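Read the structure below first, then the notes.
Residue numbers (this note's numbering): 509 to 575.
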């Protein structure tokens, strides 16, 4: 799998699996960017990301753990 920043739902699912006890709203956006970059299957490495994209991932992650 080669995840990109735009794959917000898939990234959220991966984060929920990797960090089952984390509170998505308690994660700073800078930390979230690092967590995503370290996710197996993430293929954009150090590519720049906007705070809007990180917020979308955070929101999707929250939805994932709230279900």
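The C-beta atom is built at its ideal place from N, Cα and C for all residues, glycine as well. Just so you know, these numbers come straight off a predicted model, no measurement behind them.
Pick from the options that is closest to residue i, judged by C-alpha positions
{"i": "residue 535", "options": "571, 509, 563, 522", "result": "563"}
{"i": "residue 574", "options": "548, 532, 550", "result": "532"}
{"i": "residue 554", "options": "544, 521, 517", "result": "544"}
{"i": "residue 570", "options": "518, 524, 542", "result": "524"}
{"i": "residue 537", "options": "557, 514, 515", "result": "557"}
{"i": "residue 546", "options": "528, 560, 566, 522", "result": "522"}
First through last residue of the alpha helix (DSSP H) which encompasses residue i
{"i": "residue 544", "result": "537–545"}
{"i": "residue 569", "result": "559–574"}
{"i": "residue 516", "result": "516–526"}
Cβ-based neighbour list, residue i, same chain, cut-off 7 Å, excluding 5 preceding and 5 following
{"i": "residue 509", "result": "549"}
{"i": "residue 551", "result": "510, 511, 512"}
Integer-rounded CB distance, given that residue j should sit under 8 Å from residue i
{"i": "residue 568", "j": "residue 520", "result": "4 Å"}
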